[in-house]
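Asks: Here it is, the structure in full.
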Amino acid sequence: MPRSHPPRHPDADAPIAGPARPAQRRWDLAALRRRLAIGLALSAMAILLVLPLVLIFTEALSKGLDIALEALAEPEAWSAIRLTLTVAAIAVPINAICGTAAAWCIGRFEFPGRALLTTLIDLPFSVSPVISGLVWVLLFGANGYFGAWLDRHDVRIVFALPGLVLATMFVTFPFVARSLISLMREQGAAEEEAALTLGANGWQIFVRVTLPNIFWAMLYGVLLCNARAMGEFGAVAVVSGHIRGQTLTMPLYVEALFNDYEWIGAFSVAALLSMLALVTLALRMLLEWRIERDRSAGV
Amino acid sequence: MSHRLTRRGALGAVLGMVAGGTARAADAAALLNVSYDPTRELYRDFNKAFVAQWKKSSGQTVAINQSHGGSGAQTRSVLDGLQADVVTLALAADIDALARRGLLATDWQTRLPNNASPYTSTIVFLVRKGNPKQIADWGDLTKPGVEVITPNPKTSGGARWNVLAALAWARRQPGATAETEEAYLRALFRQVPVLDTGARGSTTTFARRGLGDVLLAWENEAHLARKEFGETDFAIVTPSVSVLAEPPVAVVDSVADKRGTRTLAEAYLRHLYTAEGQDIAARNFYRPRDAAIAARHTSVFPTIAMATIEDFGGWDKAQAAYFADGGLFDRVFTPGK
Amino acid sequence: MTRRSALPGFGLTLGITLTWVSLIVLIPLAALMLRPWELGFAGFWASVTEPRVLAALQLSFGAAALAAAVNVPLGLLIAWVMVRYRFPGRRIADAVIDMPLALPTAVAGIALTALFAPKGWLGEALAPLGIKVAYTPLGVLMALIFVGLPFVVRIVEPVIQDLPVDAEEAAAVLGATRFQTLRRVVLPALAPALLTGFGAALARGVGEYGSVIFIAGNRPMVSEIAPLLIVIRLEQLNYAGAASLGLAMLAISFAILLTINRLQRRMA
């Protein structure tokens, strides 16, 4: 990169010009700049990221905590919560295990098509959620490629739990793999190879050497994957069928309540979802702290 | 070794999902009623009454499951395999689409009285307190400064009735031609700032978000909105001409026969025509077919001159001319004319 | 297959990965790619070049690009503050950045609409200035800025962390102003990351549905996004048309990401 000429600018804080006054001014400027930057960043975040959250809780609690809790005690609310947890409980572990396997094979080996495979894993991020739902309808819907066969055998995939799981898996597909691949490549395979020469087998290497190194990053990926799995709207809306008490996940239930004119109920469930988001963020904060600590301890 | 393991793991995962799906399907004493958006309150009341009545007459306990959404979206779901024993949709065209794909007999509309529509409704205006823009009829909607809220006719059955009601009025103006009708519709939609995907979304936009001066709504939806959002804040204006909206109901043959729910499903729909069913409809602001019950609610249901779908040549024609891709509604939104 | 490592487990993990990618991503997307050709190529082309479709694509990609362009300086500022400055509450603020990733999009959409509607907290304040956000393309932009922000911040943050402070100090010693340092030293080093962030935010914004439909207004030719048009076509039982539009969006997104990748390689 061509280095620029030392510029002469009337406002330049020339360090050589030295006595007390310019240095004083420079410190003031730096502090001012610092405050300005922090202030700007924080206020942008407050308006964009925090205010919507405040609104949700204000609306949910506008008639008091009792009413909000009552809305959450409805059997349909419970069924939505159960369904959301079930979907996440199936989709997230599968994606986590497969994502870790993918990270092992992409992060530790060189093979033709590796770049392509990485791109494919990232692909669901750039696909509209609506399409992520649509593809399953095209495959397994009554008019889909496997629709007739499934119907003959009375197997329900779309408008039932499997469809919701598949759509969720598609949307949350890259999270774990993505957070692990770059880390594993960065770390390199030296430790694992050392373990190999000491006679460890593959499983032992993974559990004793690799896992401790990637554990926190993996957990971070799982957290985000889980948050997205529980909060997905567009993809599951296409495959849900919207049967009350049966195939409505929490985000779909929020929409249903809005359409029932049940404002408090809708915002209460939304608040519960936001709380899950907040817990996710809190856990993430803890993780970050652990990762930083481990890193500084390791160095 | 490793390959076998991989394959077995994948198979296990898939089988697990499939098993989860089939477990839920085989519950014969339950009906799934797939309906459109504004019938939530109606069927909540009606299902309670039917379950009690069925228990009394047959001793069997049944569960009625509900699915609500835009009429078109619901039709799509049933076509894609949503196991609806009965459909109660916003317009006959949607059930026709199911019949065309062989899900039920094409003569479904003759199997129950009154074109298989146990209740009717019409399109009215909901305006704000005191009617500040002095909206009395369709002609006032295109005045400068009037903002009109309606859902999207592409996705909402109610919005299609809105368009037909507007056309019915335009058609009765002196010197009306196809061009003046199209021009009116173009002028009307120029006043529309938001097209929500469903009737409920539009009501929320108008009543809760405070957007627009007038909401084109189902009569039942307008009454419900007043009940929910304040009777004093909103008023209903009945236009000089509207449309007779006939939301139809039908048993989905292919599903009911497979699941063995036909008797129950037929009894369920028949119950809509009984005095109890008609009364529940009337109390939820749907116009009952039963004259005696209608007589008890005349204050809620004023007499309006109404066009019917036959005036537009039936749904097949109306759908193709107005709402299909490249139809009137699309042309209205194409700029440069 | 070549494998340069002596480590075991290549076959197993590659097998799992391939099965997983095929079942969840490849086969479904293949279904998407097969469906439009029922119409023939001419039919496919006609269905994705309708004026209404073009307007929707233009809005989706335009708004997403604009939102990503807003997010680049905004994300850079936030990332810079988080990495370079220490202040009370920094950890919490840093965690809050991930809010759009954790908050369900539908909930975000409803909340943003409630904020910016004429009766909402912010809508009421902006109305006297003649600024309408909810139910306009500006609302789409707002929602897309919201969903895209964490992508830029999270991609830029580690690069700022690795940025050698010496170079900046050297520049300062050589008499460069703060602005000059930023422009000549810092920005070139960050450019590839910023570009990646731009691409990620763009890709996310183009497809976004849940948070946008509530705030968009959904008027054909004005504030109707492409994913909504897919849903509308689906509801009209026009599966091939829906798949066509889906495929077109996918192709455009892919082309943009490829271009960004290439630009990046040239920079690096």
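Protein chains in written order, with our numbering: chain E, 72 to 370; chain V, 896 to 1232; chain L, 4 to 271. From the three backbone atoms N, C-alpha and C, an ideal C-beta is built for every residue, glycine too. Predicted model, so just to flag it, every value in this text is computed and none were measured.
(1) Between A924 of chain V and V957 of chain V, is the Cβ-Cβ spacing less than 8 Å?
(2) Start and end of the beta strand (DSSP E) containing F1020 of chain V?
(3) When you compare the CB of P1142 of chain V with every CB in chain L, is at least one pair closer than 8 Å?
(4) Just the chain V side, please: which residues come within less than 8 Å of A246 of chain L by C-beta, in chain order?
(5) Report the three-state DSSP secondary structure of F1218 of chain V (helix, strand or coil).
(6) When DSSP labels each residue in this structure, what does S962 of chain V get in the three-state scheme?
(7) Taking the C-alpha atoms as reference points, what is the distance between E227 of chain L and A219 of chain L?
(8) Considering only residues of the same chain and omitting the five flanking positions on each side of T281 of chain E, which have a CB-CB separation below 7 Å?
(9) Would you mind reading off the limits of the beta strand (DSSP E) that contains M289 of chain E?
(10) Considering only residues of the region 162-201 of chain E, which uninterrupted alpha helix (DSSP H) runs meet the minimum length of 4 residues and lie entirely inside it, listed in chain order?
(11) What residue range is occupied by the uninterrupted beta strand (DSSP E) comprising V1136 of chain V?
(12) Evaluate G305 of chain E with the Cβ neighbour count: other Cβ atoms within 10 Å of its Cβ, from every protein chain shown; 16 or more gives buried, anything less gives exposed.
(13) Looking only at its chain, what residues have a beta carbon closer than 8 Å to the beta carbon of A258 of chain L, apart from the 5 residues adjacent to it on each side?
(14) What residues from chain V crowd round F230 of chain E, counting only those whose CB sits closer than 8 Å?
(15) With a cut-off of 8 Å, do at least 3 Cβ pairs link the region 235-249 of chain L to the region 324-337 of chain E?
(16) Anyone know if the C-beta pair for K1028 of chain V and V1043 of chain V falls short of 8 Å?
(17) Does the region 1176-1183 of chain V come close enough to the region 931-943 of chain V to have 3 or more Cβ pairs within less than 8 Å?
(18) With a cut-off of 8 Å, does the C-beta of R223 of chain E fall near any C-beta of chain L?
(19) Does L1080 of chain V get closer than 8 Å to chain L when you measure Cβ to Cβ?
(20) Which value, in whole angstroms, describes the spacing of the CA atoms of I1204 of chain V and V1227 of chain V?
(21) A1171 of chain V: which of V:Y931, V:K943 and V:L927 sits nearest, CA to CA?
(22) How is the beta strand (DSSP E) around L232 of chain E delimited, first residue to last?
(23) Is DSSP giving N928 of chain V helix, strand or coil here?
(24) Is the separation between the beta-carbon of E211 of chain L and that of T108 of chain L shorter than 8 Å?
(25) To the nearest whole angstrom, what separates the beta carbons of L104 of chain L and L295 of chain E, a pair I think is in contact under 8 Å?
(26) Please list the partners that N214 of chain E has in chain L, where partner means a Cβ-to-Cβ separation under 8 Å.
(27) Helix or strand or just coil, what does DSSP make of R1104 of chain V?
(28) DSSP puts M1201 of chain V in a beta bridge; with which residues?
(29) Beta carbons nearer than 8 Å to chain V: which residues of the region 327-338 of chain E have them?
(30) Of all the residues that make up the region 248-281 of chain E, which are near chain V by a beta-carbon distance shorter than 8 Å?
(31) Check whether the Cβ atoms of W1033 of chain V and W1064 of chain V lie closer than 8 Å to each other.
(32) If you draw a straight line from the alpha carbon of L342 of chain E to that of F128 of chain E, how long is it in whole angstroms?
(33) Taking the alpha-carbon of R1006 of chain V as reference, which of V:Q948, V:V1195 and V:D1148 has the nearest alpha-carbon?
(34) Figure out for me which residue from V:L1083, V:T1015 and V:D1108 has the closest Cα to the Cα of K1024 of chain V.
(35) Who are the Cβ neighbours of A1151 of chain V in its own chain at under 6 Å, not counting the five residues just before and after it?
(36) Buried or exposed: which applies to D169 of chain L, given that a residue is buried once 16 or more other Cβ atoms fall within 10 Å of its Cβ?
Replies: Well, looking at it:
(1) Residue mapping note: residue 924 of chain V aligns to position 29 of the second sequence, counting from 1. Residue mapping note: residue 957 of chain V aligns to position 62 of the second sequence, counting from 1. Yes, these two residues count as a Cβ contact at 8 Å.
(2) The residue given as residue 1020 of chain V occupies position 125 in the second sequence. From DSSP, the beta strand (DSSP E) with F1020 of chain V extends over I1018 to R1023.
(3) Numbered from its first residue, the second sequence carries residue 1142 of chain V at position 247. Nearest CB-CB separation between P1142 of chain V and chain L: not below the 8 Å threshold.
(4) The residue you call residue 246 of chain L lines up with position 243 of the third sequence. By Cβ distance, chain V contributes nothing, its closest Cβ being about 14 Å from A246 of chain L, past 8 Å.
(5) Position 323 of the second sequence, counted from the first residue, corresponds to residue 1218 of chain V. F1218 of chain V falls in the helix class under three-state DSSP.
(6) Start at 1 with the first residue of the second sequence, and residue 962 of chain V comes out as number 67. Here S962 of chain V sits in strand by DSSP.
(7) Working through the third sequence from its first residue, we reach residue 227 of chain L at position 224. Working through the third sequence from its first residue, we reach residue 219 of chain L at position 216. Spanning the alpha carbons of E227 of chain L and A219 of chain L requires a straight line of approximately 7 Å.
(8) Locating residue 281 of chain E in the first sequence gives position 210, where the first residue counts as 1. Here T281 of chain E has E263 as same chain residues with Cβ atoms under 7 Å from its own Cβ, once five neighbours each way along the sequence are excluded.
(9) Working through the first sequence from its first residue, we reach residue 289 of chain E at position 218. Segment L282 to G302 is the alpha helix (DSSP H) holding M289 of chain E; no beta strand (DSSP E) there.
(10) The DSSP assignment places complete alpha helix (DSSP H) segments of no fewer than 4 residues inside the region 162-201 of chain E at 185-193, in order along the chain.
(11) By 1-based counting over the second sequence, the position of residue 1136 of chain V is 241. Element bounds for V1136 of chain V: V1136 to V1138.
(12) As a first step, residue 305 of chain E is located in the first sequence; it is residue number 234 there, counting from the start. By the C-beta density criterion, G305 of chain E is buried, having at least 16 other C-beta atoms within 10 angstroms.
(13) Locating residue 258 of chain L in the third sequence gives position 255, counting from the first residue. Excluding sequence neighbours, A258 of chain L sits near nothing in its chain.
(14) As a position in the first sequence, residue 230 of chain E is number 159, starting the count at 1. The answer, in chain order, is S972, D975, G976, L977 and Q978.
(15) The region 235-249 of chain L and the region 324-337 of chain E do not touch, with fewer than 3 CB-CB distances between them shorter than 8 Å.
(16) Indexing the second sequence from 1 puts residue 1028 of chain V at position 133. Indexing the second sequence from 1 puts residue 1043 of chain V at position 148. The criterion of a C-beta distance shorter than 8 Å is not satisfied by K1028 of chain V and V1043 of chain V.
(17) The count of Cβ pairs closer than 8 Å, one atom from the region 1176-1183 of chain V and one from the region 931-943 of chain V, reaches three, so the stretches are in contact.
(18) The sequence position of residue 223 of chain E within the first sequence is 152, counting from 1. It does not; no Cβ of chain L falls within 8 Å.
(19) Looking up residue 1080 of chain V in the second sequence gives position 185. With respect to chain L, the C-beta atom of L1080 of chain V has no partner C-beta closer than 8 Å.
(20) Sequence index remark: in the second sequence, residue 1204 of chain V carries index 309 (1-based). Sequence index remark: in the second sequence, residue 1227 of chain V carries index 332 (1-based). Cα-Cα distance, rounded: 21 Å.
(21) Stepping through the second sequence from its first residue, residue 1171 of chain V is reached at position 276. As written in the sequence, residue 1171 of chain V is Glu, which differs from the Ala given in the question. The option with the nearest alpha carbon to E1171 of chain V is V:K943.
(22) Translated into the one-based positions of the first sequence, residue 232 of chain E becomes position 161. From DSSP, L232 of chain E is part of no beta strand (DSSP E) but of the alpha helix (DSSP H) over L232 to T243.
(23) If you number the second sequence from 1, residue 928 of chain V lands on position 33. Look at N928 of chain V here: in three-state DSSP terms it is strand.
(24) Counting from 1 along the third sequence, the entry for residue 211 of chain L is found at position 208. Counting from 1 along the third sequence, the entry for residue 108 of chain L is found at position 105. In this structure, E211 of chain L lies near T108 of chain L, with their beta-carbon atoms less than 8 Å apart.
(25) By one-based count along the third sequence, residue 104 of chain L stands at place 101. By one-based count along the first sequence, residue 295 of chain E stands at place 224. With 8 Å as the limit, L104 of chain L and L295 of chain E qualify as a contact, their Cβ atoms being about 6 Å apart.
(26) Along the first sequence, read from residue 1 onward, the residue named residue 214 of chain E stands at position 143. Chain L residues near N214 of chain E: Y242.
(27) In the second sequence, residue 1104 of chain V corresponds to position 209, counting from 1. Coil, per DSSP.
(28) To locate residue 1201 of chain V, count along the second sequence from 1; it is residue 306. For M1201 of chain V, the pairing in a beta bridge is given by DSSP as V:S1137.
(29) Within the region 327-338 of chain E, the residues whose Cβ lies closer than 8 Å to any Cβ of chain V are, in chain order, A327, F329, N330, D331, Y332 and W334.
(30) Across the region 248-281 of chain E, no CB contact with chain V closer than 8 Å is found for any residue.
(31) Stepping through the second sequence from its first residue, residue 1033 of chain V is reached at position 138. Stepping through the second sequence from its first residue, residue 1064 of chain V is reached at position 169. Yes; because the gap between Cβ atoms is below 8 Å, this pair is in contact.
(32) Position 271 of the first sequence, counted from the first residue, corresponds to residue 342 of chain E. Position 57 of the first sequence, counted from the first residue, corresponds to residue 128 of chain E. First, the residue type needs correcting, since residue 342 of chain E is Ala and not Leu in the sequence shown. Answer to the nearest angstrom: the Cα atoms are 6 Å apart.
(33) In the second sequence, counting from the first residue as 1, residue 1006 of chain V sits at position 111. That would be V:D1148, whose Cα lies nearest to the Cα of R1006 of chain V.
(34) Taking the first residue of the second sequence as position 1, residue 1024 of chain V is located at position 129. Of V:L1083, V:T1015 and V:D1108, the residue nearest in Cα terms is V:D1108.
(35) The residue given as residue 1151 of chain V occupies position 256 in the second sequence. Within the same chain, Cβ atoms closer than 6 Å to the Cβ of A1151 of chain V are found at D980, R1157 and A1160, the five residues on either side in sequence being excluded.
(36) The residue labelled residue 169 of chain L in the question sits at position 166 within the third sequence. Around the Cβ of D169 of chain L, a 10 Å sphere holds fewer than 16 other Cβ atoms; the residue is exposed.
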